[in-house]
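Worksheet: one structure, shown below.
Residue numbers (UniProt numbering): 1 to 121.
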């Protein structure tokens, strides 16, 4: 069975890039969210296996969304995505239950490695 992903990023180009990478590796993108609130709502609706979550977004940032999703499902598998220079935010996200992080610009092999690691948990 395909692993179902929810991709969250406020930049449509980044969502499209990530979707292309993960679908070519055999993952099923079941939803896309442009901000943290959309991610929380879609998580409840779609019940994805893994969520990729941008950290810096409007409406609700990735760390707030991570916390909300973890309240709903303590076993949720969330991988954070961030630009270089956001180490403090990455540490905060890990403390709140994120499994891993991917740095932008995306490295194809690093994304697949993070997804496989999350799938195995």
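The beta carbon of each residue, even a glycine, is placed where N, CA and C say it ideally should be.
Check                                                                                                                                   : Outcome
Contiguous beta strand (DSSP E) assignments of at least 3 residues, all confined to the UniProt domain "Response regulatory" (4 to 119) : 4 to 8, 28 to 33, 50 to 54, 78 to 83, 100 to 104
Close beta carbons around residue 34, own chain, < 7 Å, minus the five adjacent residues each side                                      : 10
Between the CA atoms of residue 45 and residue 75 - distance to the nearest angstrom                                                    : 16 Å
Cβ neighbours of residue 41 in the same chain (closer than 7 Å, five flanking residues each side left out)                              : none
Top-ranked residue by Cα proximity to residue 92, from 56, 20, 114                                                                      : 56
Cα-Cα separation between residue 54 and residue 23, rounded to whole angstroms                                                          : 18 Å
Other residues of its chain near residue 29: CB distance less than 7 Å, five sequence neighbours each side excluded                     : 5, 7, 19, 22, 23
Buried versus exposed call for residue 62 [16 or more other C-beta atoms within 10 Å across all chains shown]                           : buried
Nearest candidate by alpha-carbon position, reference residue 81, set 71, 102, 110                                                      : 102
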